[in-house]
Amino acid sequence: MPKQESTLTPVALVSLNAKFIHSNLAIDYLRSYSEKEQIPVAIEVVEFHINQPVDYIVGELLMMDIDIVGFSCYIWNITATLHVITRLKLAKPEMTIIVGGPEVSYESAELLEKHPEIDYCIIGEGEQSFGDLLRDLVDKGGVLEARERIIHGIPVPLHEIPSPYPHDLGERYHNKLVYLETSRGCPFNCQYCLSANTRQVRYFPWQRVEEEFIKLMDGGFPQVKLIDRTFNANSAWALRIFRFLVEENTKRGAFDNGAPPTIFHFEISADILTEELLAYLSQVPPGLFQFEIGIQSTTPRVLEVIQRQSDWRILSENIRRLAKPGNIHLHLDLIVGLPQETWKSFRQSFDDVYELGGQRIQMGFLKLLKGSGLRERSEELGLVFDPYPPYEVVATSTMTALEIVRLKEIEALLEQYYNSHRFTMTLDLMTSQVYTSPFQFFQDLATYFRSRRLHQVSHSPLALYDILHSFIGQYHGQVLPLAEEALKFDYLRTEGHRPLRSWMPNELGRDHRRARHDLLQDTHVRAKLDPATLALSPREMAQQVRVGRFSRDFIEFLCQRRVKDKDAVGSGWIIFNHHRPDPWTKESDYTVILE
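Residues 571 to 1165 (my numbering) make up the sequence shown, in order.
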């Protein structure tokens, strides 16, 4: 907005986020701390995303008619941010430009030498240092001739930092992913991560944490992501928060009608979970918690080099215990390109993680962050990385550049076929009856994509069914009849009321509506269905419920893997209830009706 008559100096705090749905908690901390200290400035938080044109971003900032701008800098936005700064300074040379954030907290002198248009760079935690700089700029009319351009952040006791959330919470985070932190620092020393440089863990006061959780729950946001580096570093603290969230949501009746309105995402270390935590987590209501677990590698020599302490026996057992009740969504991370990792050892890591049963597997590619131990030792360790942000690994002494390219193609298929949850049963079939190695399945599928240049274009979800069907038919014809039924099962479970693909076995034909009607009138069938579904109107029932008929072989395969009654055999019907899909995977519930 244009500058108005005021005794307060207008300041903009700017972030170029990776996506529109992201938000930046750091700039809200700077704003709230400056307001608490009563610095005579009027701060406006302004968020863009990196896919917006630079001239548009610069134009918006110029229209605000402000003289002081602070930019929050990360590996994903630094290139675009520097372009914006350069153009902004050309348009308005008298503007004061301040940068801060992880990407400018290392090699800062080189940055300022290369970009003289930047006036000040704040290193590390910036709440107090940024506030002090603003006060000096206001007092001196924007001219600080004797001030050092590089300013070291002064960590503030966390009880002195006010809540970062503004009064207009709903407007600020409308259609955004919301972040929250209850602690800063990490007790571990993983050499790929900047958290290794802040080993001490500090915690915010409990009352403030409780109030922020309540504020965000009242806001009804679909997901809140905790940015604590290792949330369960203090088991008692983690358990207290888990209990509070369950009790508060129970009190609000959030579990009465399916999943609660807000999912809370935590980054945890599974191998340090205590027995008390595991026992409690096994019984929490479904739909509330989502855990991201950084496994990174299961190769001992790799873990030793990156200084990541992990006992695979304990880690795998704890993850299986978390996965078994099915009440917590598990997101398991692997890193491609770690030192000493080979194609063969990564394949083993992939297979190890795949067998744990997590709902999502993320194959991240190593980023050599400024200030990280691996970057400082990159030459010694044989790590070749892109000099441009985000500094992604290109090759290592044990993995070629071509192998990493092939892993990129596998990662794309992992996203489309595994993480989409559209092909759960088909992947179960292929990795249990055809392949002994899940990695080999994805490798063969990636080879198939490349041989037909399918990797060069994007595909609709429906096309992905056709491609997988063709792949199985060409190379694994012995399981094609069963695979077609598995694909049909997955399709009916996730694609609503789309017409079946032409190659899917469809004994119902045009009679599917009559078959559904007859099944839903049967007393024994109705006894197995969700009462909430049975209460739907006929019109809603037609929209939410779908039926399919399947062979004895498929029903037997399904019952052995998915249904409690493992002795059930015979051909029959499956009723798919889309009324209450899984809150994370969006897969519908289903009921098997044997003939």
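Glycine included, each C-beta is placed from N, C-alpha and C at the ideal position. Please read all numbers here as calculations on a predicted model, not as lab measurements.
- Beta-bridge partners assigned by DSSP to Pro-580: Ala-612.
- As DSSP reads the structure, Val-654 sits in no beta bridge.
- Judged by beta-carbon spacing, Ser-675 lies within the 8 Å limit of Gly-694, meaning their Cβ atoms are closer than that value.
- With respect to the 8 Å criterion, Pro-1031 and Glu-1054 are not classified as neighbours on the basis of their beta carbons.
- For Leu-1062 against Gly-1142, the beta-carbon gap comes to about 14 Å, at or over 8 Å, which does not count as contact.
- The DSSP-derived three-state label of Asn-587 is strand.
- Closest in C-alpha terms to Arg-1086, from the list Gln-932, Gln-1114, Asp-1100 and Pro-1069, comes Gln-1114.
- Looking from the CA of Ile-668, the closest CA among Lys-662, Ser-678, Leu-652 and Ile-688 belongs to Ile-688.
- Sequence-distant Cβ neighbours of Ile-797 in its own chain, meaning closer than 6 Å and more than five residues away, are Tyr-749 and Glu-751.
- Within the stretch 819–849, the runs of beta strand (DSSP E) at least 3 residues long that lie entirely inside it are, in chain order, 833–838.
- The stretch 627–634 makes no contact with the stretch 594–611; the number of CB pairs closer than 8 Å stays below 3.
- DSSP places Val-669 within a strand segment (E or B) once states are collapsed to three.
- DSSP, reduced to helix, strand and coil, places Arg-883 within a helical segment of the structure shown.
- With at least 16 other beta carbons inside 10 angstroms of its own, Gly-857 counts as buried.
- Residue ranges of uninterrupted beta strand (DSSP E) with 3 or more members, entirely inside the stretch 950–979 and ordered along the chain, are 963–965.
- Between Ala-650 and Leu-586, the C-beta spacing is below 8 Å.
- Measuring C-alpha to C-alpha distances from Asn-621 to each of Val-654, Tyr-1018, Phe-1012 and Asp-1100 identifies Val-654 as the nearest.
- Bridge pairing for Glu-617: Ser-585 [DSSP].
- Of the candidates Ala-829, Thr-869 and Leu-951, the residue whose Cα lies closest to the Cα of Asn-897 is Ala-829.
- Residue pairing by DSSP places Gly-1142 opposite Phe-1120 and Leu-1164 in a beta bridge.
- By the neighbour-count criterion, in which a residue is buried when 16 or more other Cβ atoms sit within 10 angstroms of its Cβ, Val-581 is buried.
- In this model, Phe-1120 and Ala-1056 are separated by some 9 Å (Cα to Cα).
- When secondary structure is reduced to three states using DSSP, Gln-1048 falls in the helix class.
- For Leu-926 and Ile-724, the gap between their C-alpha atoms comes out near 43 Å.
- In the DSSP assignment, the residues bridged to Ile-693 are His-722.
- With contacts defined by Cβ atoms closer than 8 Å, Thr-800 and Glu-837 form a contacting pair.
- DSSP places Leu-900 in the strand class (E or B) of the three-state scheme.
- In this structure, the CA atom of Gln-1044 is about 50 Å from the CA atom of Leu-652.
- Counting the other CB atoms within 10 Å of its CB gives His-1149 a total of 16 or more, which places it among the buried residues.
- DSSP, reduced to helix, strand and coil, places Ile-784 within a helical segment of the structure shown.
- Closest option to Arg-769, judged by alpha-carbon separation, among Cys-763, Tyr-762, Trp-776 and Pro-757: Pro-757.
- Burial state of Ile-884 is exposed, judged by a 10 Å Cβ sphere holding fewer than 16 other Cβ atoms.
- Contact between Leu-728 and Gln-793 does not hold, since the beta-carbon distance rounds to 24 Å and is not under 8 Å.
- When rounded, the separation of the alpha-carbon atoms in Asp-625 and Val-854 is 49 Å.
- One alpha carbon belongs to Asp-788, the other to Ser-733, and they sit about 16 Å apart.
- Of the residues assessed, His-744 falls on the exposed side of the cut-off, its CB having fewer than 16 other CB atoms within 10 angstroms.
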